[in-house]
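The next block holds one structure in the form of structure tokens; read it before the comments.
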Amino acid sequence: MKVIKTYYPKVRAIELFMFLVYGIVVCFGTFLLWVKGDLSFERWRNFMLIGLIYVSFCIFLSFCIRTQRIELTEYRIEHKLLGLSCRSVAFSSVKKVMFGKVNGSPVVAIINGNMEKPIFVPYLPFEKDWEEISSFIKERNQKVIISM
């Protein structure tokens, strides 16, 4: 299948936020060790090594976010994560596209004519692309209802 357009996530703000949180934790943790009078090189080094768990988790999370993409092909929309197709919907079977929230996170719910449950596709970090994606879906399937 020919890929017409691929959308990549915008992650700079997410990575900056992760770095900022790590900086705050390091500063605050060092300050607490100093206030307690427990600031030795050994303790500080152990604190920083434990902080590497947070850093490695953030690197993994950032990698997962960076590798996701939305591909528009001739006949379907696909959401891919780590190169694998997570969600795929044919344009002809889309009945409704709704923008909303699930557990506090903004999502796009695609109501598929073949399934009872909606297919949830992340709104973030593709927030700037969804207007173009939804107009492409509308162009491919004139019957689809798009609600904001």
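All residue numbers for the sequence shown refer to the numbering used here, where the first residue is 14 and numbers rise by one.
Backbone N, C-alpha and C fix where the C-beta goes; we use that ideal spot for every residue, glycine too.
* **Segment limits, beta strand (DSSP E) that includes N125** => For this step, residue 125 is matched to residue 112 along the sequence shown. Where N125 is concerned, the enclosing beta strand (DSSP E) stretches over 118-125.
* Asked: By how many angstroms is the C-alpha of M31 removed from the C-alpha of I150?
  -> Stepping through the sequence shown from its first residue, residue 150 is reached at position 137. Stepping through the sequence shown from its first residue, residue 31 is reached at position 18. The C-alpha of M31 is placed about 34 Å away from the C-alpha of I150.
* **Spatial neighbours of M14 in its chain, beta-carbon cut-off 8 Å, leaving aside the 5 residues before and after** => As a first step, residue 14 must be located in the sequence shown, where it is residue number 1. Within the same chain, T86, E87, Y88, R89 come within 8 Å of M14 by CB-CB distance, once the 5 residues on both sides are set aside.
* Give the straight-line distance between the Cα atoms of S160 and D51, rounded to the nearest whole angstrom. => As a first step, residue 160 must be located in the sequence shown, where it is residue number 147. As a first step, residue 51 must be located in the sequence shown, where it is residue number 38. Cα to Cα, the separation comes out at about 57 Å.
* **Per-residue DSSP class, three states only, for M128** => If you number the sequence shown from 1, residue 128 lands on position 115. Three-state DSSP puts M128 in coil, outside helix and strand.
* Is the distance from the Cβ of F133 to the Cβ of R82 below 9 Å? -> If you number the sequence shown from 1, residue 133 lands on position 120. If you number the sequence shown from 1, residue 82 lands on position 69. In this structure, R82 does not lie closer than 9 Å to F133 by Cβ.
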